[in-house]
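Here is the structure we will look at, set down as structure tokens.
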Amino acid sequence: MKIQLIKNERAIKVNDYLVLGDLHIGYEASMKGYSIFNLIKNLAKKIISLKNNYHCNKLIILGDLKYNIAYFTEKEVYQIKKLFDILSENFDEIIILKGNHDGKIENILKNPKIKILKEFKLQKVGFMHGHRKPSINMMNCLYFIIGHSHPTLKLKDKNQVIHSYPVWIIGNLKKSKFKAFQCQKVIIVPAFNSLIIGSDKLLGPISKNLKQKEIIMLDLTKVY
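With positions in the sequence shown counted from 1, the corresponding number in the working numbering is that position plus 1.
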């Protein structure tokens, strides 16, 4: 099993899978007064470029495919369908792991190449969004790869201006909270949507129960 953080990108490669999370399609609509030209086309182009550059023929999305939680806007439905029409022509398999924003996503994505699941296990690696505790099916996984938290490092400069940087978080799971699980390492993936400014506080039952955490910048520099 080979796990590779992709340098200067918000994505990870696991064997022949490209893994990314937290697309939050529709987020730009919350930016009042702004619109982004060719957003979905550029997003698809970015993902396909990573696929080709890193020789991945399968795709895993770690949840929060869409932005709004309780409903779909007409624009979201259009954007999601358009994106996955393009991606399904370029990947042999697409796995979407439902996040807390993804209620009824299966109602608009009906394609034999697309699987919509709560969790996915590849050998000893477990993939999930990260907003809920993993099921007993994940007990023998040695690694968990999750999204949900949008991990961000916030630094204040000499002028007291706060700068935010997307980061990877790698940590050990506290056995006291997950006694039946064999997991040794948890990798929290930064939000793939570059418009998302995350928090330096981790979310969800897995992320909140980590110890000996490493913070890694997108250029793979470790922060101490």
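Note that CB positions come from ideal geometry on N, CA and C, so glycine has one too.
Worksheet entry | Ser136 burial status per 10 Å Cβ neighbour count (16 or more: buried) | exposed
task: Let me know if Thr74 comes out buried or exposed under the rule of 16 or more other beta-carbons within 10 Å of its beta-carbon.
output: exposed
Given Cys184 as reference, the closest of Cys142, Gln161, Leu196, Lys155 once Cα atoms are compared:
Cys142
| So Gln80 is in the alpha helix (DSSP H); what residue range does that whole segment cover? | 75 to 89
**OP:** Name the residue from Ala45, Lys42, Val15 whose alpha carbon lies nearest to the alpha carbon of Lys59.
**Re:** Val15
* Tell me whether Ile197 sits in a helix, a strand or coil according to DSSP, three-state version. => coil
* Asked: So Asn173 is in the alpha helix (DSSP H); what residue range does that whole segment cover?
  -> Per DSSP, Asn173 belongs to no alpha helix (DSSP H); it is in the beta strand (DSSP E), 163 to 174.
Count the other CB atoms within 10 Å of the CB of Ile25; is the residue buried (16 or more) or exposed (fewer)? Inspection of the sequence shows that residue 25 is occupied by His rather than by Ile. With 16 or more Cβ atoms within 10 Å of its Cβ, His25 is classed as buried.
**Message:** Cutting at 8 Å between CB atoms, please list the residues of its own chain near Gln124, excluding the five before and the five after it.
**Reply:** Met2
Give the straight-line distance between the Cα atoms of Lys114 and Ser89, rounded to the nearest whole angstrom. 7 Å
- Three-state secondary structure (DSSP) of Glu107: helix
* **Pro152 beta carbon less than 9 Å from that of Pro206** => no
ask   = How many whole angstroms separate the CB atoms of Ile61 and Ile96, which I take to be in contact at a CB cut-off of 8 Å?
value = 5 Å
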